[in-house]
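Everything on this sheet refers to the single structure shown next.
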Amino acid sequence: MSDQLAIFGGKKTVTETAPVWPRFSDEDIDAATWALNEARTKRDFISASFGGEGLEAFEGDFAKFLGAEHVVSVNSGCAAIHVALMAAGVKGGDEVIVSPYTWGQTVSPILQANAIPVFADIEPDTFNLDPASIEANVTPHTKAIVVVHLFGGPARMDAIMEVAERHNLMVIEDCAQADGASYKGKRVGSWGHLGAFSIGNGKNLAAGDGGMVTTNDKWLWEMALLFGHHPSRQGRQLEDPELREYIDSCCYTYRMHPISSVIARSQLKHLDEWNAERRRNADYLSEKLSEIPGVAPPDVAEGGEHVYHMYPMTYEPEEMDGLSREVYVKALAEEGVGVSAYVKEPIYLRRRYQEREYFSGNGLPWSLGKREVTYAAGDCPVAERRCAEQEMNLGSTAWYEDCTELMDQIATAFRKVAENVGTLKEREGELSQEN
């Protein structure tokens, strides 16, 4: 007989805690202090309007880190996607293929661009867009694909780029959760025509808030500047004569705060090291969980290098005598394992998309479409099944240092729950009714 579960009065398994995140070192604090001191005598040093030395230095360093020609800093990952869509030439009524299994802010910039999201299904192993489903959803009205590298795991970019090239589509990579991830030797964000990154507080590169748009195309870079930065910087850096004709104040205020850029630049030097440690801890946990019924550890696309912004798992109820995911997660929580759902419901089944009404009203952007685009249950069965039955995530994965003891305890908790499945099944009705 195994140890009594904590949910029935037994001893809690997990006593270790993950390191605090974000991590701000003395070096980061010194960098921010230095920038403020410089600003005492240099008015433009922390001016996002004019660009600013610190901000443009970070853009340059991030471009080198990524292997990209150009970077434009913005104030969030969501803004980065919006800017990328505009730079890519997405117009009102255009269709943009995107994943239904993601954070909502991957999709809302499509609506902000007055374009129409078309949802392709995901792969059951990587949880990223399935290239075959992308191809099946291309229409004469498709303009772009927004590819999410969800949880820090890279999508199969070679296959996706092949689809895009066949149909002359622009590809925008949502790398908000994948700072530093790579696929087949190339960093994510350098595969598509444009990349969108985030340095929000919980991200692998965390500097308060901010985002970056990346590209290897100078014209796309200038378009991003024109859309999201101050006319002062546009006047200094735009070279295309036609684009210069549009330098005025009719643009979005999407500029990154310069202090965020200084902190991000300081932290960027350690990102690969931190990601490697996250990977080491995650791989160790995956090896342990692969031997335990009821849970499947995350898979990684062949040739991919995951950075584990989150640690996604798959619940396998058939291995747990049909025990509901709700009760399984409750039992784990009492053992000290904070497992939760992330997406919970495919984007297209949410009220806004069912009503096809955004903040602009008047049926926009759907009323601009060249055809009727509607959303219904069954559109993306893999994503729907994951949300309804399988989705589980360890959301706090700040495993940037040795967390072996924590990983061992988490695995022990999963095994303990699996070994007590009979008792949980017997009391499932009672446990399901408890808050």
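One gets our numbering by counting positions in the sequence shown from 1 and adding 215 to each.
We put the CB at the ideal spot given by N, CA and C, even for glycine.
Backbone secondary structure at residue i - three-state DSSP
i	result
E520	strand
H285	strand
D245	helix
E492	helix
S262	coil
S397	strand
A379	helix
A233	coil
K279	helix
A272	helix
Pairwise C-alpha distance: residue j and residue i
i	j	result
A379	K631	47 Å
I244	H285	27 Å
T430	R258	30 Å
Y499	T357	42 Å
A511	L583	43 Å
E649	V554	17 Å
E616	V403	23 Å
K399	Q392	18 Å
F574	T619	47 Å
G426	N416	11 Å
L453	Y530	51 Å
K279	R255	29 Å
S413	E506	35 Å
Bridge-paired residues (DSSP) for residue i
i	result
D389	V363, A411
L344	I337
P332	V311
Y316	Note: Y316 sits in no beta bridge, so no partner.
R402	S397
A511	T529
T357	E310
Residue from the options whose Cα sits closest to the Cα of residue i
i	options	result
A247	M376, N343, A479, F442	A479
G637	P532, I625, V353, D276	P532
F277	H521, K484, E570	K484
Q605	Y557, A359, K640	Y557
L300	A370, L409, N419	L409
S262	K503, W406, S447, Y467	S447
S475	S647, G267, A370	G267
M535	A351, V386, E641	E641
Legend entry - 3 or more residues per run - each beta strand (DSSP E) lying fully within the segment 422-486: 426-430
Inset, instruction - Could you name each continuous beta strand (DSSP E) segment of 3 residues or more that falls completely within the segment 525-578, going from the start of the chain to the end? - result: 526-530
Inset, instruction - May I have a chain-ordered list of the beta strand (DSSP E) segments no shorter than 3 residues that lie completely inside the segment 569-638? - result: 606-609
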